[in-house]
Amino acid sequence: MRELITEACIRDVVCGLPEMATWPEAAELLASREDWVRYDWELPMMASRAAGGEEGAALPGCAAIACLQISIILADDMLDQDPRGQHHRMGGGRAANLALAFQAAAFARIGRAPFAADRRAAALAALAQAALATAAGQELDVRNLHGEENYWRVVRAKSTPFYGLALQLGALAAGADAAVVQGLYDLEVLFGEMIQLYDDLVDAFETPANPDWGEGRNNLAILYGGTADHPQRDRFVRLRPAAADLQILEEAQRILIECGAVSFCAYQILQRQRAGRERLARLALANPAPLREMLDRQARPLASWLAGLGVSLPSALPGEPA
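Going by numbering that gives the first Met the number 0, the first residue of the sequence shown is number 0, and it counts up by one from there.
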């Protein structure tokens, strides 16, 4: 955290719940997350600042977002059989219990937030909806549904509710009106889609092969390689199940570049960045700068990542002058 609400503040608030002492690992997880995760915890604070509120008022929202995200990661790692998952150190049963504890802690922190009663009720309802929607999205994801329509269905169920909630909680803490709260939720849905699309690109080019290759998960880049009309599609479809072989993986990844899958995903990210800027400009915010930077920050690493593959960002979106 870079502002008034530090990582230590969040850890103290969450671990101050007596029940959390049951898991010594809880404090460790709150202190050792990657930079991209900690940035997500700042989102309620950014929304509060954008809506004209005090940054410190967003602490309950930041704590709830931290708890909800850790609970999602714990469960997701088990579902994906991720070799880096906490369940390998704790055991599956304890990791599952800790995931439940973190989700409950999110509700506990919002339930005790010093908000007006109507805003606290709205925040709890938003948290419940996001948690339920994410669980439904996780269920759709493990079914390995096929096709681009199902890809977007899973993304909108699994990936975007969490980010929409983050800005809702900050806006509610700032005392924003209902139109701003909803507008920020809609903005963050686009942000969540940008994150998922970038994750898809990175996952598709991991070495050794990410589970997205072998389990038939709907990664948009891999989906494009296997379904779009291009000369190497049949070859790609044959290679995909054998991507555990590093030579085969390298060839399949090269096809993703050559067939336009990488450029297609990059276009989707830039399209959402532009739509987000337009949506942000229509909102009556005291200080939209933090949220404008949020959108740009998510798109910024894309250019350097693409450069590493020898792929350039489009100078303009289709239909626009270069």
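Just so you know, even glycine gets a beta-carbon here, dropped at the ideal spot from N, CA and C. Keep in mind the model is a prediction, meaning the values are calculated, not measured.
With respect to the 8 Å criterion, Leu67 and Phe161 are classified as neighbours on the basis of their beta carbons.
The C-beta of Glu54 has 16 or more other C-beta atoms within 10 Å across all chains shown, which makes the residue buried.
Rounded to the nearest angstrom, the Cβ distance from Leu78 to Gln128 is 21 Å, too far for a contact under 8 Å. In this model, Gly169 and Val13 are separated by some 18 Å (Cα to Cα).
Under the 8 Å Cβ criterion, the stretch 171-186 does not count as touching the stretch 210-220, having fewer than three qualifying pairs.
Here the C-alpha atom of Leu144 lies approximately 25 Å from the C-alpha atom of Arg253. One alpha carbon belongs to Tyr223, the other to Ile72, and they sit about 26 Å apart.
Secondary structure at Ser311: coil, using DSSP grouped into helix, strand and coil.
In the same chain as Arg48, and ignoring 5 residues on each side of it, the C-beta atoms closer than 7 Å to its own belong to Glu54, Asn286 and Pro289, in chain order.
The C-alpha of Pro240 is placed about 13 Å away from the C-alpha of Gln246. Between Ala208 and Ala242, the gap from beta carbon to beta carbon is short of 8 Å. With respect to the 8 Å criterion, Ile109 and Ala63 are classified as neighbours on the basis of their beta carbons. DSSP places Glu6 in the helix class (H, G or I) of the three-state scheme. Leu305 and Cys258 have their C-alpha atoms roughly 15 Å apart. A Cβ-Cβ contact shorter than 8 Å links Phe106 with Leu126.
Straight-line spacing of the CA atoms in Met89 and Pro82 works out to 13 Å. A distance below 8 Å separates the beta carbons of Ala173 and Ala56. Nearest to Trp22 by alpha-carbon distance, out of Ala283, Thr133, Gly92 and Leu312, is Gly92. Uninterrupted alpha helix (DSSP H) stretches at least 4 residues long and entirely within the stretch 255-314 occur at 260-281 and 288-308, given in chain order. When rounded, the separation of the alpha-carbon atoms in Arg237 and Leu28 is 40 Å. Spatial neighbours of Leu196 in its own chain (CB-CB distance under 7 Å, excluding positions within 5 residues in sequence) are listed in chain order as Leu219, Cys264, Gln267 and Ile268.
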